[in-house]
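4 protein chains.
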Amino acid sequence: MSLKLGVIGTGAIGQDHARRCSQTLLNSQVVALIDINPASATNVARQLGLQAEIHADGHALIAAADVDAVLVTCWGPSHEEFVLAAIAAGKPVFCEKPLAVTAEGCRRIVEAEIAHGKRLVQVGFMRPYDQGYRALKAVIDSGRIGEPLMLHCAHRNPTVGSNYSTDMAITDTLIHELDVLRWLIGDDYRSVQVIFPRRTSRASEQLRDPQIVLLETVKGVRIDVEIFVNCQYGYDIQCEVVGETGIARLPEPSQVQLRSQASLSTQILTDWKDRFIGAYDVELQAFIDGVRTGKVGGPSAWDGYAAAVAADACIAAQRSGAIEVLDLPPRPAFYD
Amino acid sequence: MSLKLGVIGTGAIGQDHARRCSQTLLNSQVVALIDINPASATNVARQLGLQAEIHADGHALIAAADVDAVLVTCWGPSHEEFVLAAIAAGKPVFCEKPLAVTAEGCRRIVEAEIAHGKRLVQVGFMRPYDQGYRALKAVIDSGRIGEPLMLHCAHRNPTVGSNYSTDMAITDTLIHELDVLRWLIGDDYRSVQVIFPRRTSRASEQLRDPQIVLLETVKGVRIDVEIFVNCQYGYDIQCEVVGETGIARLPEPSQVQLRSQASLSTQILTDWKDRFIGAYDVELQAFIDGVRTGKVGGPSAWDGYAAAVAADACIAAQRSGAIEVLDLPPRPAFYD
Amino acid sequence: MSLKLGVIGTGAIGQDHARRCSQTLLNSQVVALIDINPASATNVARQLGLQAEIHADGHALIAAADVDAVLVTCWGPSHEEFVLAAIAAGKPVFCEKPLAVTAEGCRRIVEAEIAHGKRLVQVGFMRPYDQGYRALKAVIDSGRIGEPLMLHCAHRNPTVGSNYSTDMAITDTLIHELDVLRWLIGDDYRSVQVIFPRRTSRASEQLRDPQIVLLETVKGVRIDVEIFVNCQYGYDIQCEVVGETGIARLPEPSQVQLRSQASLSTQILTDWKDRFIGAYDVELQAFIDGVRTGKVGGPSAWDGYAAAVAADACIAAQRSGAIEVLDLPPRPAFYD
Amino acid sequence: MSLKLGVIGTGAIGQDHARRCSQTLLNSQVVALIDINPASATNVARQLGLQAEIHADGHALIAAADVDAVLVTCWGPSHEEFVLAAIAAGKPVFCEKPLAVTAEGCRRIVEAEIAHGKRLVQVGFMRPYDQGYRALKAVIDSGRIGEPLMLHCAHRNPTVGSNYSTDMAITDTLIHELDVLRWLIGDDYRSVQVIFPRRTSRASEQLRDPQIVLLETVKGVRIDVEIFVNCQYGYDIQCEVVGETGIARLPEPSQVQLRSQASLSTQILTDWKDRFIGAYDVELQAFIDGVRTGKVGGPSAWDGYAAAVAADACIAAQRSGAIEVLDLPPRPAFYD
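Top line first, the protein sequences correspond to chains R, E, Z and D. The first sequence runs 41 to 376 under my numbering. The second sequence runs 41 to 376 under my numbering. The third sequence runs 41 to 376 under my numbering. The fourth sequence runs 41 to 376 under my numbering.
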């Protein structure tokens, strides 16, 4: 029996997930859609050939009897509302990042889920499903490099639009590292500092680019993440874990090696969508399988909350120039 | 509507394909099984939880009304019989390599398929579905290295069993290159020579290992393939295409980079099953999609025949030590 | 006519330079030696087969009529005294690092040299003579990566002795980066911060290892240097320059690529002496050639002073945990 | 006491060696020159600032009392005459390749040297002095890849002049591999076959380019060498040794790694002179040191003879299309 999904929000990511769930993944179908712009939902249904009801609002969709689980892919400020509604209805919900636009909002979701008594929420952080990060985690967990002491990371985009602002480097860009690095080394952030290198002349005027975020974990691991969103040359994600006895580095995407024009080269991707495209499939398949087997897993509401708390501290650190301490309570046993 | 498949032969590869078609791929189900050992078919059905009929013989399975298409995964000598039967029944058929154990057998399949008037057969060569080979072909086809002039290839296994004989280096090992290289450069083989380097002391006594196969194509491209099935260090597939203006090389599998114990390293696979595992899924999904859309594609009966003719010439060249010319007729327009 | 050198101090580095100047390099000979332990000087002369006078003290050696130029390779606290004496005698002097044990001492040398009116001093920083760093600088200077914005560096040793202390990470280890990075990007340091990651269990008790030093330059370039002197796996020097349009990385030492035991690997050096061995020859040959042509070049007394000021600030930053601002006056025109 | 050298032939390579021996290397000076064009010798002496006598002919130079050793760098057809004269005079002689233009000529030199009773001749094959080949040989000799079974090599130039002919691929290009590979694996050639791939459209009309030379050694090792002298993209020397348990590959020249313009790249050299420039210094220094210590080493007259015999067989194989057997007598004990 395939899982019947309702999709709230049919913008770019919503469409893409609807396509995935109806055409690429196993054991799921999209039976309900809704968008703030009803024509969008209708179009998506037609383009994908879906037998799906177009609901009047998200709450009606959540309540619909034939909807087994919900994908929340509308704009961020409405995530909290619909995730809470899904929890109230006892329906599993996959929510695109951010889980909520404030840490407090995430916290309310955590509390609602705990009150419900069973995990229902998976947050749309896809990197833990990327083959490369999984291989890196396997090496760390194998003990082959000893205990992690430092991580050197970079998140680089060729360019960003002119509306991209300094704090979006945290909320839209670093947010992926804030999630995946906690998972990678099984640790939490204790403090953060942001430093601003010389500005690139390629950034728009209001933007500090690049930035370096320095995180300290509870175990004392030090993480530096270079964020450089106008690096020109490519979309490039780097992660190097320095352990007590060795260093492990995230694989480069597999590419043809060329000898040409006095150069020995491999291609670097330029579109972020190509980099983690496989991970999106794995992530949503995991949600579908989790719901069907009664065990929702992956990035939890707590993980979404922890990322939000960290992001808040990063933004505070951008503004203060000082070391900001994170105020993350102990993880409830519910999420162990 | 999912495609209803019947599987003839539930040995290792048959089981694996049955699992794939029932659990991993989209739009297919396994509704019929048969094995020369009936208990095997029953076990597979039970282990995979299939609602599948266990037929008395392959012909009954092919004839069954609810079987839309057939997978031939029994032992090689029976492939021809069942493929011909499927063609006679007008049912699409995916046949594991070899298409038939003789070139003549392959030829009979080609003729039957042409007589039928429409492609029904896909041969189980998976490398054209491998991401790396596809990326390599894309580079060649882009013109970035100019016209191909030479290919340097290697097919290495860590070890082989003691029953592996010198001609199996052609029929079981090289056969993959014989198929994929024709596809890669869009060319056919004209002649072949085999040379025997110094024997490794790690091979069993009856085996000449390594071997080097020198192929010449119709366009004059020269291909050397090192076959080394007791290389000890790993399962390693290499392919380098030397063009008029540059060289393109098959990607290494993506791996974590390690700095450890005075060595900068990436892992080399040791099990062939890990190397092309993704390609098996893509290959069978392509068959399923092809049948469902009425356009069977991928490696054709003609490709199976061409590989068989090439393999025969290679074996003759192993024995004669001379340059053997291939006797491959022009490709029928049917296969254009 | 070969240059006649006097060597003050015949410990490990003094012996090595004496061998270099008498046996490996062009146009130089060692005609005078002195060591605080006279037997050491005598032994070195005998082992190298030198026709060299063993002087009673460094000042006598400097004054000797047949000594054209001086190598100061004794222990650090005496460097300043002999360098000043050489300047007073108007003799060119190559001084191993540190130029003096205090920044003030370096400053006195700078002033003495300026008063003398012509460059006489070359400081023994060898990395600017390393082929890899020179290639890296050539790429930066070519404009191929645009203006430098960030540098990510690492200085790793497999192990250090139990007497290695936390501040030696600056004075003995980082000192090389402090010199070479200024030269590499043609910039000066403005401030520094030191952070201490989780300690490795492999370090002796009194040592904070690893450390991360965060430097800011006058142009705003941000430099992070990981210092990890018990990294176990090798002697590994990394330097990556992130520019506005691309990234350039210090070459790895050239090594045989091995496929063996399920690993694709190249060797990492474990002994620092192997890493820059070629650079020592180039550095001293440059001094010899400089003296002979009347143009002493390379790392200057000012560079030695700048490195000392930076090192002082780094040590202050180790202790304070705060951002320490460097107090480096503008470079005198004499050193342009 | 520095070695006094006479140089016969002051064309490109003669000038370069004269510069090397007078300005770069230790313990040598150039005291005598001669060229078929006397003005050339005079010019070279002036440009290099040499105190050198310009002789009337090579025999006079060899006979000159102040000439300790001779460099033969004139055109190939005169090599034999002057090498034999040097042997007759009992003077050590460094002879640029070819030792003689025929195998018989080489043989006469071998016999003269044996008759003289002591090694006097070093042939100008520089690759055994290249750091990369030496590292590769060290790995082979260490046993880390087991006994060599196959070598896969390539010798690629971006372009060649229009006077470059098919047999020059052997005499001018492959000749380096013919020498260095024997040395690398300590083996001799038994037979050779040449195959001609599809011609590149970038070659001039009279030239077969690329070519593949297949060598078999006495121990049964199989060597394939791709010669491609209009490969466009760079000067690229590849050598991969496949042993019983692993594979070792000649290091790529050390280069800065660039991330730029959607490409992760290192530079490939385009000028052959840059590739082995260091090896020329080491080679001639070895000759100078060998003469001064009374032990001339390096590539011997026998090695020059063996390379000539191999080259003759390769040219015969180019013409016959058949496998040509080499007729190399056993190595005289004199050369052990």
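Each residue gets a CB set at the ideal place from its N, CA and C atoms; glycine is no exception.
Residue from the options with nearest C-alpha to residue i
i	options	result
residue 215 of chain R	R/286, R/334, R/204 and R/195	R/195
residue 230 of chain E	E/130, E/255 and E/148	E/255
residue 326 of chain D	D/269, D/258, D/184 and D/167	D/167
residue 182 of chain D	Z/84, Z/203 and Z/298	Z/298
residue 312 of chain Z	Z/277, Z/247, Z/201 and Z/96	Z/277
residue 296 of chain D	D/284, D/309 and D/275	D/309
residue 240 of chain E	E/102, E/112, E/199 and E/137	E/199
residue 60 of chain R	R/371, R/318, R/193 and R/139	R/318
residue 307 of chain E	R/184, R/263, R/205 and R/264	R/184
residue 305 of chain E	R/286, R/315, R/316 and R/217	R/286
residue 114 of chain R	R/41, R/96, R/105 and R/136	R/136
residue 15 of chain Z	Z/359, Z/334 and Z/142	Any property of residue 15 of chain Z remains undetermined from this structure, which presents chain Z solely from 41 to 376.
residue 127 of chain Z	Z/144, Z/138 and Z/103	Z/103
residue 294 of chain R	E/197, E/176 and E/201	E/176
residue 41 of chain R	R/359, R/332, R/78 and R/376	R/332
residue 118 of chain E	E/165, E/80 and E/98	E/98
Cβ-Cβ distance between residue i and residue j below 8 Å
i	j	result
residue 350 of chain E	residue 163 of chain E	no
residue 281 of chain E	residue 132 of chain E	no
residue 130 of chain D	residue 156 of chain D	yes
residue 336 of chain D	residue 159 of chain D	yes
residue 134 of chain E	residue 111 of chain E	yes
residue 243 of chain E	residue 270 of chain E	yes
residue 193 of chain R	residue 279 of chain R	yes
residue 380 of chain E	residue 206 of chain E	Because chain E in this structure spans residues 41 to 376, residue 380 of chain E falls outside the shown range and cannot be described.
residue 123 of chain D	residue 149 of chain D	yes
residue 64 of chain Z	residue 348 of chain Z	no
residue 237 of chain Z	residue 262 of chain R	yes
residue 258 of chain D	residue 228 of chain D	yes
residue 344 of chain E	residue 78 of chain E	no
Rounded C-alpha distance that separates residue i from residue j
i	j	result
residue 346 of chain R	residue 368 of chain R	7 Å
residue 172 of chain Z	residue 357 of chain D	43 Å
residue 209 of chain D	residue 355 of chain D	9 Å
residue 203 of chain R	residue 235 of chain R	22 Å
residue 83 of chain R	residue 322 of chain R	26 Å
residue 53 of chain E	residue 300 of chain Z	30 Å
residue 217 of chain Z	residue 352 of chain Z	14 Å
residue 250 of chain Z	residue 260 of chain R	11 Å
residue 224 of chain R	residue 274 of chain R	24 Å
residue 222 of chain D	residue 191 of chain D	11 Å
residue 290 of chain D	residue 338 of chain D	20 Å
residue 374 of chain R	residue 186 of chain Z	51 Å
residue 22 of chain E	residue 151 of chain E	Residue coverage of chain E in this structure runs from 41 to 376, which leaves residue 22 of chain E outside it and unanswerable.
residue 161 of chain D	residue 370 of chain E	60 Å
Inset, instruction - Examine the Cβ distances between the stretch 69-86 of chain Z and the stretch 46-54 of chain Z and report whether three or more of them are shorter than 8 Å. - result: yes
Inset, instruction - Any chance you could list the alpha helix (DSSP H) runs of at least 4 consecutive residues sitting entirely within the stretch 310-345 of chain E, in chain order? - result: 312-315 and 317-332
Legend entry - Length-filtered (3 minimum) beta strand (DSSP E) runs lying within the stretch 263-308 of chain D: 276-283, 286-289, 297-300 and 303-307
Inset, instruction - Just list the beta strand (DSSP E) runs in the stretch 214-267 of chain E, keeping only unbroken ones of 3 residues or longer that don't cross its boundaries, in chain order. - result: 229-235 and 251-257
Legend entry - Ordered list of alpha helix (DSSP H) runs contained in the stretch 118-201 of chain R, each at least 4 residues: 119-128, 143-156 and 171-181
Inset, instruction - Please confirm if the stretch 84-94 of chain D is in contact with the stretch 351-365 of chain Z, defined as three or more CB-CB distances below 8 Å between the two stretches. - result: no
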